[in-house]
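**Q** Before I ask anything, let me first share the structure, which is written out below as structure tokens.
In the UniProt record's numbering, the protein residues as written are 1 to 537.
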């Protein structure tokens, strides 16, 4: 079995670790169907998706075993996040293939004491993960009770308890949970369980009426139950993603010419709408406090594109963007094709990603969960798409304006800023233009730089690439076939994944391309994810 190991290795250190074991369901059948094609796909998936995903979640790929692999993580939370991302990425890749060609992994995750060698890990902690992987459904993730206790209030997803199971060569029974990344799956699993219970009762009664009794064996003495994870309280969420060190992250440049300073820390707990009757003026430059920013011109009058506005004291600063047409997408990745013409109407977009200070105002108003620590001018991060939707709903209710997440088309239109090159500044990476790995300039892998630390694009927008990956309104689609041409968001009822754009400071420069796309589970938080707001004009 992939990942299974002996229990005793002399002379190697022990440690507590989260072990992820995975293999492909029906691998022999796939190889019989298309041996060369299956092997090529397996290698490509490992190179393009599995290895980078493990690295992005701070894990270590221990070894590959034919169709399987074994990885080790310091954090069980990151291990489960990694498992969810792998399964969702594989599901997206399978959508363009007939079902008989789908590659689907089974994944097991266990937290246990292991023996670590330079090239392998051993012990019951590994064996339990391998047993869980063997039990998992194709495309599913099974976790042990120890993992569940560590993550149950830190991931917005469901868990179905499968009871205690006696595993081969493991002394004590192990409590097993099925991870349900879609919270709606909790109710579906509960409904399915009661249907099975009802069917069993009917069968037993029928047998009793006939005078025969059938003993039904159960996998566990504990009846399965389904539990839904509640959003974590602020303290639990902060434990899930430790706050960055108090020292500020290095900035890309000391004071580049023409670069405005980051927004100052915000005070107060509620945004205070600025009276629209107040005289309009241009926002002052320099170290002006947020509360002193004058209101914009009334929206009933023509407003010059590119000017900034704020609807309230403490609201994110917005930039008015003109409408126009542009070519969206590229031929560099299948998910970015086909390139197509899109017409975008005028709208306003946040000059910066939403900051820690702005987010915490929403938390103080009891409209958002999970207070954030750190520099108030740093981009708010470790936020899910659902969190971002809470923030824009609160901002809309507080100001009476139509705040929202930008559509994917609006985001790319703003990121390109009238250019057609790979990056808004040209075809090649230029040092000190964005906060990303290998992009040149100062870099801190622990945390992103404060917003506004890098130059604005031609539309006056900062940190559209690098910094934090930014949620948009759209559901994830594997390519642009059938995408709207009017700049609106491409949504579906109850979609499980939403699109992220721009990459983050943890990603390399390929993610900073204007056309680069990614996605993540809508209800799952991740330390490199944030957002910026849009507003209809």
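Idealized CB from N, CA, C, for every residue including glycine.
Since this is a predicted model, take the numbers as computed values, not measurements.
Quick one: Cα of residue 226 to Cα of residue 53, how far?
**A** Because residue 226 carries a pLDDT of 46, less than 50, the predicted location of this residue cannot be relied on, and the following value inherits that uncertainty. When rounded, the distance between both Cα atoms is 28 Å.
**Q** Here's a check: name, in chain order, each residue in its chain whose Cβ is nearer than 8 Å to the Cβ of residue 176, leaving out the five neighbours to either side.
**A** Excluding positions up to five away in sequence, the list reads 132, 135, 142, 143, 144, 145, 161, 162, 163, 164, 165.
**Q** Quick one: give me the first and last residue of the alpha helix (DSSP H) that residue 88 is part of.
**A** Segment 76-94, the alpha helix (DSSP H) holding residue 88.
**Q** For the segment 489-503 against the segment 471-479, do three or more pairs of beta-carbon atoms, one drawn from each stretch, fall closer than 8 Å, so that the two count as touching?
**A** Yes: the two stretches touch, three or more of their Cβ pairs being nearer than 8 Å.
**Q** Between the beta-carbon of residue 515 and the beta-carbon of residue 396, is there less than 8 Å?
**A** Taking 8 Å as the Cβ cut-off, residue 515 and residue 396 do not qualify as a contacting pair.
**Q** Kindly indicate which three-state DSSP category residue 49 falls into: helix, strand or coil?
**A** Of the three classes helix, strand and coil, the one that applies to residue 49 here is helix, per DSSP.
**Q** Do the segment 449-461 and the segment 409-417 make contact, defined as three or more Cβ pairs closer than 8 Å?
**A** In short, these stretches touch, since the Cβ pair count reaches three.
**Q** Could you give the distance in angstroms between the alpha-carbon of residue 539 and the alpha-carbon of residue 356?
**A** No information on residue 539 is available, as it lies outside the stretch 1 to 537 that the chain covers here.
**Q** Where are the beta strand (DSSP E) runs, 3 residues long or more, that stay fully inside the segment 339-368, in chain order?
**A** Within the segment 339-368, the complete beta strand (DSSP E) runs of at least 3 residues are 340-344, 347-350.
**Q** Who are the Cβ neighbours of residue 522 in its own chain at under 8 Å, not counting the five residues just before and after it?
**A** Closer than 8 Å at the Cβ level, and outside the excluded window around residue 522, lie 384, 385, 386, 495, 496, 497, 498.
**Q** Taking the alpha-carbon of residue 311 as reference, which of 73, 534, 48, 19 has the nearest alpha-carbon?
**A** When only C-alpha atoms are compared, the closest one is 534.
**Q** Do the CB positions of residue 435 and residue 449 come within less than 8 Å of each other?
**A** A contact, by the Cβ cut-off of 8 Å.
**Q** The alpha helix (DSSP H) with residue 128 in it runs from where to where?
**A** Unbroken alpha helix (DSSP H) run through residue 128: 124-135.
**Q** In whole angstroms, what separates the C-alpha of residue 286 from that of residue 453?
**A** With a pLDDT of only 39 at residue 286, under the threshold of 50, the placement of this residue in the model should not be trusted; the figure read from the coordinates follows. When rounded, the distance between both Cα atoms is 14 Å.
**Q** Expressed to the nearest angstrom, what Euclidean distance is found between the alpha-carbon atoms of residue 362 and residue 394?
**A** Going by the C-alpha atoms only, they are around 7 Å apart.
**Q** Report the residue from 81, 445, 315 whose alpha carbon sits nearest the alpha carbon of residue 399.
**A** It is 315.
**Q** Does residue 521 come out as helix, strand or coil in the three-state DSSP assignment?
**A** Correct three-state label for residue 521: strand.
**Q** State the beta-bridge partners of residue 443 as determined by DSSP.
**A** BP columns for residue 443 are empty, so no partner.
**Q** Looking at C-alpha atoms only, which residue of 370, 62, 374 is the closest neighbour of residue 118?
**A** Out of 370, 62, 374, 62 has the C-alpha closest to the C-alpha of residue 118.
**Q** Below 8 Å, how does it come out for the segment 316-326 and the segment 336-351: are there three or more Cβ pairs, yes or no?
**A** These segments touch.
**Q** Rounded to whole angstroms, how far is the Cβ of residue 71 from the Cβ of residue 60, which I believe are closer than 8 Å?
**A** Confirmed, about 6 Å.
**Q** Could you say which of 392, 128, 480 lies nearest to residue 354 if we only look at CA atoms?
**A** For the residues 392, 128, 480, the minimum Cα distance to residue 354 belongs to 392.
**Q** Let me confirm a value: residue 605 is counted as buried when at least 16 other C-beta atoms fall within 10 Å, else exposed. Which label applies?
**A** In the structure as shown, the chain begins at 1 and stops at 537. Residue 605 is therefore absent and cannot be evaluated.
**Q** Cβ atoms of residue 440 and residue 429: under 8 Å apart, would you say?
**A** Contact: yes.
**Q** Who pairs with residue 165 in a beta bridge, going by DSSP?
**A** BP columns for residue 165 point to 174.
**Q** Give the DSSP-derived three-state secondary structure of residue 507 in the structure shown.
**A** Coil, per DSSP.
**Q** Over what stretch of residues does the alpha helix (DSSP H) that includes residue 154 continue unbroken?
**A** That residue, residue 154, is in no alpha helix (DSSP H); it is neither H nor E in DSSP.
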